Each structure stands twice: as structure tokens, then as C-alpha cells.
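A.B. asks: Sharing a structure, written as C-alpha cells. Questions coming.
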Amino acid sequence: MQLTNRAKQVSNKEMTLAEKMYLPAFFSGLGITISHLFKKKVTIQYPEVKKYLGPVYRGHHVLKRDEQGRERCTACGLCAVACPAEAISMVAAERKKGEENLYREEKYAAVYEINMLRCIFCGLCEEACPKQAVYLRHDRMVPVFMERDEVVYGKERLVEKMDDRYVRANNSEVKATPTEPSLTRAAT
Amino acid sequence: MEDVKPQLLKVTIDGIEVEVEPGTTILQAARKIGPEVAPPAMCYYQPLKGSGGKCRACLVRVAAGSAKDPRPMPKLVASCLTAVQDGMIVENTTNPQVVDARNGIVEFLLLNHPLDCPVCDQAGECDLQNFAFDHGKVTTRYEEDRRTFEKHDLGPYIQLHMTRCILCYRCVFTADQITNKRVHGVLGRGDAAEIGTYIEKAIDNDFSGNVIDVCPVGALTDKTYRFKSRVWFSKPVDAHRDCPTCSGNVTLWYRGEEVIRVTARKNEWNEVTEFICNTCRFETKKTSDWTIEGPTKISRSSVISANKYRADTIKPSFGQRLAAAEYKQIHDERDTSQLQIEQLAPERFAKVLPSALEPEP
């Protein structure tokens with residue numbers, strides 16, 4: 001049975017004199033090693049340098065605001081029920097008079113928490129959301145955490161800041177800008 | 001000779017034969033067969049006399065009127081009001097005309113319905129959601145403005161969102177038949193028809209809370225439960241207590257350790273048979289008030305059973321049906337001959353297992 005065409009026939013025939021000396025093989029191997037010294041390095045100095053993650057990367061969650069800066073999330077709970085890891089929990093509250101510029105619908109999420117240890121970044125919450133409120137950023141990863149109490153992300157870390165808005169290009173051909181252009185390697 | 005027992009009538013619904021007593025409606029006969037055959041009902045409510053015939057959701061085609069007169073009925077009939085006759089043949093989901101008509105009914109019911117399901121407390125246990133999910137289209141063709149109303153407080157417990165109402169009259173029948181004085185009703189006619197109390201008046205009666213349970217949509221909702229939770233976050237538990245005014249058999253909805261809502265028990269047709277009083281519904285929300293009987297039986301396909309794990313978990317079939325509908329054949333260019341399991345040559349095989357080569361007796 002043959003799975004690929006790359007199989008080589010092995011033989012047990014006598015080695016020639018050059019092969020018996022081993023030196024040519026030794027030097028050709030050394031040559032490969034030395035040539036790598038002059039090639040481009042593949043290691044990236046994360047977290048100082050960040051790699052371009054690609055247009056469909058699913059990273060840090062963001063709770064979107066609309067054009068007028070009102071929170072889009074209405075605490076319908078569809079993201080939580082869609083979440084296979086049960087990472088999302090929320091508490092809803094009713095919008096009061098005078099808060100119309102803060103929240104888009106008459107109900108809003110007073111508490112919205114994502115447990116980043118549970119989250120598997122599948123993006124089902126984004127798919128389930130009927131209000132286009134939750135997105136997984138394609139340009140930013142969830143930062144490394146050291147303590148357990150840093151793991152549950154509340155609204156203060158999820159709701160998008162108005163000076164740092166998240167826009168996703170509709171066309172997947174368009175390359176999104178890397179997070180920090182100066183630090184990203186200009187290799188590509 | 002006299003027949004003491006009434007003669008049973010034979011009806012065929014979707015090819016399934018059932019024998020029912022005279023006076024039964026087509027809908028009840030279909031429910032006797034089972035939930036696969038039963039037509040949906042938005043306004044018909046078995047415990048309430050006189051309900052039905054308004055929403056047209058249960059339309060069926062009668063292919064043969066009776067054994068004596070086997071002509072088909074000229075138009076689709078409302079199965080909740082049409083009585084069966086001997087030898088009647090009914091087509092429910094087997095007839096494309098019926099499926100098409102239901103599609104149109106969903107569209108009509110959703111014309112003025114606001115589609116604010118993410119905000120609505122009824123979402124997840126809403127008859128209209130189920131009906132639209134099973135029989136409706138995914139998109140809407142309606143472009144005009146929907147009619148809107150201000151939300152009303154009907155007393156301290158009940159809130160009315162007239163925008164969501166589909167005018168099924170169930171709450172009117174409930175108030176007439178369960179409570180001793182009805183103070184709300186349908187005002188106006190046609191497009192202007194709305195549920196209201198005419199003058200701002202509180203619905204104040206011991207059994208008034210039942211209008212919340214009978215409402216097929218989120219038009220009448222529990223103010224004490226408003227925005228507290230979503231139904232699929234809460235866990236329903238059957239419980240009872242000694243109540244002087246009602247049967248005391250209820251369903252408690254838990255979120256964590258806290259009872260966030262008390263409702264009457266619903267049967268498999270989503271109907272309440274034992275109406276409960278307002279004291280049970282709104283004022284006794286402590287676990288210590290109740291005797292717990294055990295978890296409520298919830299259909300596995302219901303969203304209420306999402307994220308709740310039990311030994312008898314059966315996955316809802318919708319995902320599989322969707323996957324089957326979306327399935328695309330992949331053109332597989334691999335050399336399939338290579339995938340065959342190769343049989344050892346007989347002379348080598350015999351060494352390992354000589355008995356296998358002998359002819360079978």
C-alpha cells in the first residue's frame with residue numbers, strides 16, 4: 001500500500017570511499033547550519049513585538065457602542081446560551097429616564113462578565129448576538145494574566161472606548177492594520 | 001334498541017386514524033394522536049370556553065367531509081372550531097396548501113409584532129416564537145411602520161405591552177371565566193383594536209395574574225419578574241403549598257438559590273389547567289414556603305433545557321436537521337482504491353490463523 005509518492009527505496013550496498021570518509025557529509029551539514037545564521041530570524045520578541053494576526057483572527061472580546069456612543073448590548077442572553085464553555089454571564093437592568101444616551105434599548109446589561117479561562121474563542125457569541133454588540137477583535141489578543149482574579153473580565157474591560165473603536169473591514173481581502181505598526185516586523 | 005354509548009367517530013389525520021367521541025374538534029382529535037400531528041394554536045386554549053377561531057394558525061384542509069359525503073371542504077378550516085365527522089380525512093402538514101397558509105399567517109401575525117425578543121421577558125417560552133420558528137419565513141417583506149403603544153401598568157403586578165399583542169382574546173376569556181369581575185377588554189375595532197382597561201384602572205383580583213400565563217406572547221408580563229432573568233437561565237421546579245384560594249400547584253423558577261418567578265404548571269400544549277392565585281404567584285417567593293416535588297419536565301428541544309445537564313439528555317434535532325439541509329457534497333479527488341483495507345496474501349494469512357481459510361460447514 002502506498003500513501004504518498006515520497007517513499008524511497010533503501011539499499012544495503014557498499015559505501016564508496018568518499019562516503020566512508022564521512023567528511024563531505026559532515027561539511028554539507030555544517031553548511032546548512034551556518035547558512036541559517038544569515039537567514040531571517042523567525043522568532044518574534046513577544047510581547048514587545050506583535051505578529052499580524054490575520055483578518056479572521058478571534059481575539060479579545062469587545063462590547064460595541066453604536067454611532068452615538070450608546071451600548072448596543074441589551075442583555076438578551078443569547079451569547080451566554082450559545083457559549084459552549086459557559087464563559088459568559090450577565091445581569092440585566094431596566095434603563096431609567098435620562099439614560100437614553102448611555103444605552104440603546106430599554107434593557108441593558110448592568111453586569112456582563114466573560115471568564116477568559118473558560119473562553120475558547122470560538123466566536124459563537126458573536127454569531128448569536130442579535131444586536132451586533134459582542135465581537136471578537138481580530139487585531140488584539142487577550143493579554144497574559146498572572147492572577148486568578150484578573151481572569152473574569154467585566155464591563156470596564158469589555159465595553160469599547162470611544163477613542164479606541166473597533167472597526168472590522170467587511171471585505172476579508174482587506175488587510176486590517178496591525179496593532180502597533182512601529183513594532184511589527186516589516187517583513188511581509 | 002337504544003345505543004347507550006355514543007358511537008365513536010373515525011377520523012384520519014395525516015394518514016393516522018383515531019377514534020373520538022362526537023363533538024370533538026379536529027384540533028383535539030389531532031392532539032389525541034400526538035404533538036407531531038397537532039396543529040399549532042395561538043388563540044385556542046382548551047381550559048377556556050369559547051376561545052379559538054381568531055388567529056387562524058390551526059388551519060387544516062379537510063380532504064373528505066365525512067363517510068356519507070366525501071366531498072372536500074372548499075376552503076381551509078380552523079381546526080379548533082370544526083367538529084369531526086365520521087370518516088373525515090384531514091390533511092395537516094402533509095398538504096402544501098396548509099403549510100403555505102401557515103406561512104402567510106405567521107407573516108400576518110408578525111406585521112405589527114415588534115420583534116423585540118432580545119428585550120421581551122417571554123422569549124424562550126413564547127408561542128409566537130415557536131409558531132414562527134416552525135412555520136414561518138426567515139425574512140419579512142413588511143416595510144411600513146408598525147403600530148406602537150405606550151406600555152401600561154395594570155396594577156402593581158401586571159404590565160401590558162400592547163405593541164406585542166396579537167389580539168387572541170385569551171386574557172379576556174380568562175378574566176371572564178376565572179375571575180369574578182372583568183375590568184379589561186378589547187377596545188376599538190380592526191386595526192385600532194387594543195387590549196385596555198378603558199380608564200386607567202388596575203386589574204385587581206385574586207386570580208388576575210393568570211392572564212400572564214395565558215398570554216401567548218409577551219404582551220402581559222409579570223412586573224415582579226421584569227428583566228430579572230431569561231427563561232433559559234432559570235431552572236423550573238414543581239412545588240406545591242396549602243393555599244386556601246387555589247390548588248397551590250405551581251412551577252418555581254430558580255436562578256441559583258433564589259426563586260425569581262412563580263407560574264402555574266403548563267401541560268404539553270403549553271396550557272394551564274390549574275389556575276393559581278395572586279398570593280401564590282407574586283407574594284410567596286421563598287423556598288421555605290413551598291414543598292418541592294422535583295424538576296419540571298421540559299422538552300429537550302426547548303431552550304429552557306439549554307446548559308442544564310442530566311443523565312437523560314437528548315440533543316435537540318434542529319442542529320442536525322440544519323446540518324443535513326446545508327450539507328454539500330464534496331468532490332473527493334483522492335484515489336479511493338488506496339483506502340481499501342488490504343487483505344493479507346492467503347499463504348501468509350494461513351500462518352496466522354489457519355482455521356479462517358477452511359470452508360464453513
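In the order they appear, the protein sequences are chains P and E.
Residue numbers for the first sequence follow full-length UniProt numbering, beginning at 1 and rising by one.
Residue numbers for the second sequence follow full-length UniProt numbering, beginning at 1 and rising by one.
Note that the Cβ used here is the ideal one computed from N, Cα and C, for glycine as well.
The structure presented is a predicted model; accordingly, all values stated were derived computationally and were not measured.
Report the rounded CA-to-CA distance for P:I34 versus P:K40, giving the unit in angstroms.
C.D. replies: Approximately 13 Å, taken between the alpha carbons.
A.B. asks: Which class does E:Q159 belong to by DSSP, given the choice of helix, strand or coil?
C.D. replies: Strand, per DSSP.
A.B. asks: When the Cα atoms are used, what is the spatial distance from E:S288 to E:V18?
C.D. replies: Distance between the alpha carbons of E:S288 and E:V18: 46 Å.
A.B. asks: Could you work out which residue in E:V106, E:R310, E:D242 is closest to E:T284 when comparing CA atoms only?
C.D. replies: Nearest C-alpha to E:T284: E:D242.
A.B. asks: So the candidates are E:N307, E:N278, E:G87; which of them puts its Cα closest to the Cα of E:P22?
C.D. replies: Per the Cα distances, E:G87.
A.B. asks: Helix, strand or coil, according to DSSP, for E:G294 in the structure here?
C.D. replies: In this structure, E:G294 counts as strand in the three-state DSSP scheme.
A.B. asks: Figure out for me which residue from E:A175, E:L110, E:H135 has the closest Cα to the Cα of E:D145.
C.D. replies: For E:D145, the nearest C-alpha among the options comes from E:L110.
A.B. asks: Could you check which residue in E:K235, E:E91, E:Q85, E:L59 has the C-alpha nearest to that of E:K297?
C.D. replies: Of the candidates E:K235, E:E91, E:Q85, E:L59, the one whose C-alpha sits nearest the C-alpha of E:K297 is E:K235.
A.B. asks: Apart from the five residues on each side of it in sequence, which residues of its chain come closer than 7 Å, Cβ to Cβ, to E:V37?
C.D. replies: I13, D14, I16, A30, N92, listed in sequence order.
A.B. asks: Which residues in chain E have a C-beta closer than 7 Å to the C-beta of P:V81? List them in chain order.
C.D. replies: Near P:V81 (Cβ distances below 7 Å), the residues of chain E are W232, V303, A306, N307.
A.B. asks: If you run the structure through DSSP and keep just helix, strand and coil, what is E:T191?
C.D. replies: One detail in the question is off: residue 191 of chain E reads as Asp in this sequence, not Thr. Correct three-state label for E:D191: helix.
A.B. asks: Going along chain P, which residues have a C-beta under 8 Å from E:V119?
C.D. replies: In chain order: T74, C76, E105, E106, K107.
A.B. asks: Here's a check: name, in chain order, each residue in its chain whose Cβ is nearer than 8 Å to the Cβ of E:G182, leaving out the five neighbours to either side.
C.D. replies: For clarity, residue 182 of chain E is Arg in the given sequence; the question names Gly instead. The answer, listed in chain order, is V172, A175, D176.
A.B. asks: Output yes or no for whether 8 Å exceeds the beta carbon distance between P:M116 and P:V81.
C.D. replies: Not a contact, by the Cβ cut-off of 8 Å.
A.B. asks: Return the residues of the stretch 217–249 of chain E that lie within a Cβ-Cβ distance of less than 8 Å from chain P, sorted by chain order.
C.D. replies: Answer in chain order: R226, F227, K228, S229, R230, W232, F233.
A.B. asks: Closer than 8 Å by beta-carbon distance: list the chain E residues that pair up with P:E94, in chain order.
C.D. replies: Within chain E, the residues near P:E94 are R226, F227.
A.B. asks: Examine chain E for any beta-carbon lying closer than 8 Å to the beta-carbon of P:K64, and answer yes or no.
C.D. replies: Output row for P:K64: interface = no.
A.B. asks: For E:P118, count neighbouring Cβ atoms within 10 angstroms of its own Cβ and tell me buried if that reaches 16, exposed if not.
C.D. replies: By the neighbour-count rule (16 or more Cβ atoms within 10 Å), E:P118 is buried.
A.B. asks: Smallest Cα separation from E:F108: which of E:E150, E:S66, E:R141, E:T94?
C.D. replies: Of E:E150, E:S66, E:R141, E:T94, the residue nearest in Cα terms is E:R141.
A.B. asks: Take P:R137 and list the residues in its own chain whose beta-carbon comes closer than 7 Å to its own, dropping the five residues that flank it on each side.
C.D. replies: If we look at P:R137 and ignore the five residues flanking it on each side, its Cβ neighbours are G59, H60, V62, Y166.
A.B. asks: Classify P:P84: buried if its beta carbon has 16 or more other beta carbons within 10 angstroms, exposed otherwise.
C.D. replies: Exposed.
A.B. asks: Would you verify that the beta carbon of P:K131 is, or is not, closer than 8 Å to some beta carbon of chain E?
C.D. replies: Yes - at least one Cβ of chain E is within 8 Å of the one on P:K131.
A.B. asks: To which residues of the same chain is E:L160 closer than 7 Å at the C-beta, ignoring the five residues directly before and after it?
C.D. replies: Only K151, H152, L154, I195, A219, L220 meet the Cβ criterion.
A.B. asks: Interface residues of chain E around P:E86 at Cβ under 9 Å?
C.D. replies: Correct list: N307.
A.B. asks: For the alpha helix (DSSP H) that E:A175 lies in, which residues bound it at each end?
C.D. replies: That run of the alpha helix (DSSP H) goes 170–177.
A.B. asks: Pull up the DSSP beta-bridge partners for E:I13, would you.
C.D. replies: According to DSSP, which records beta bridges pairwise, E:I13 is partnered with E:I16, E:V90.
A.B. asks: Tell me, which residues are paired with P:E113 by DSSP?
C.D. replies: Per DSSP, P:S89.
A.B. asks: Going by beta carbon distance, what residues of the same chain come within less than 7 Å of P:E173, once the five residues before and after it are set aside?
C.D. replies: Legend: pLDDT at P:E173 = 48, less than 50; position of this residue unreliable, no value from coordinates given.
A.B. asks: Is the Cβ of E:F149 closer than 8 Å to any Cβ of chain P?
C.D. replies: Taking Cβ atoms only, chain P never reaches closer than 8 Å to E:F149, which makes this a no.
A.B. asks: Suppose you measure from the CA of E:S208 to the CA of E:N278; what does that come to, to the nearest Å?
C.D. replies: Taking the straight line joining both Cα atoms gives about 7 Å.
A.B. asks: Going by Cα to Cα distance, which pick from E:H113, E:G50, E:T82, E:K10 is closest to E:K68?
C.D. replies: Comparing Cα positions, the closest option is E:K10.
A.B. asks: What span of residues does the beta strand (DSSP E) with E:V259 cover, start to end?
C.D. replies: Where E:V259 is concerned, the enclosing beta strand (DSSP E) stretches over 258–264.
A.B. asks: Can you tell me which of the three DSSP states P:H138 falls into?
C.D. replies: DSSP places P:H138 in coil when its eight states are reduced to three.
A.B. asks: What is the residue span of the beta strand (DSSP E) that E:L59 lies within?
C.D. replies: Start and end: 59–64.
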